[in-house]
Structure formats: C-alpha cells, structure tokens
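Enquirer: In my numbering, the protein residues as written are 269 to 345.
C-beta atoms are modelled at their ideal positions from N, C-alpha and C, and glycine is treated no differently.
Handing you a structure now.
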C-alpha cells in the first residue's frame, strides 16, 4: 500500500467518523448549550441547517464529522 492509498483510506474513514458533543464543541467553537439551541426549533438560536445528531444508544448521541464539515463550509460561504 503506498501513501496515496493510505491517504485515500484515511479520507474515507474520516467521512464516516462520529464525534461526540465534547469534540463537537471544539470543532465548531460553540458551547454545548448553543449547539442544543441550534437544534431546538423553539429556540431563538435555532438553525435548521445545523447537523442533526445520530442516536448511538439509549442516552448517547453523536454527529457525523462529514455533516459537521459541510455545515462549517456553508457558514464560510
């Protein structure tokens, strides 16, 4: 396997990576409460474009890193 193959594999794995709230706060630079406000349609800070969490278990959620990246790019444009 050459470096290009490894890079391609890494890119593929990164797209499917799930991040938890602690890492999400670091990636997007927002607090936990601001993130949940962006997800709450009744909140003044609601953002319908913000990535929706995935249910991972009975009491845990995560976000697809690729969705988070797309949202960040849309904020730049």
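If you measure between the beta carbons of residue 332 and residue 286, is that distance less than 8 angstroms?
Expert: Their beta carbons are under 8 angstroms apart, which means residue 332 touches residue 286 by this criterion.
Enquirer: Round the Cβ separation of residue 296 and residue 336 to the nearest angstrom and send it over; I've been treating them as touching at under 8 angstroms.
Expert: Right, the Cβ-Cβ distance comes to about 7 angstroms (below 8 angstroms), so this counts as a contact.
Enquirer: Please go through the same chain and pick out, in chain order, the residues whose beta-carbon is closer than 6 angstroms to the beta-carbon of residue 292, but skip the five residues on each side of it.
Expert: Answer for residue 292: 331, listed in chain order.
Enquirer: Can you tell me where the alpha helix (DSSP H) with residue 298 in it begins and where it stops?
Expert: Where residue 298 is concerned, there is no enclosing alpha helix (DSSP H), given that its DSSP letter is neither H nor E.
Enquirer: Just the C-alpha distance for residue 342 and residue 323, rounded to the nearest angstrom, thanks.
Expert: Taking the straight line from one Cα to the other gives about 24 angstroms.
Enquirer: Distance, Cα to Cα, residue 278 vs residue 314?
Expert: Confidence in residue 278 is poor, its pLDDT being 48 and thus under 50, which makes the residue's placement too unreliable to answer from.
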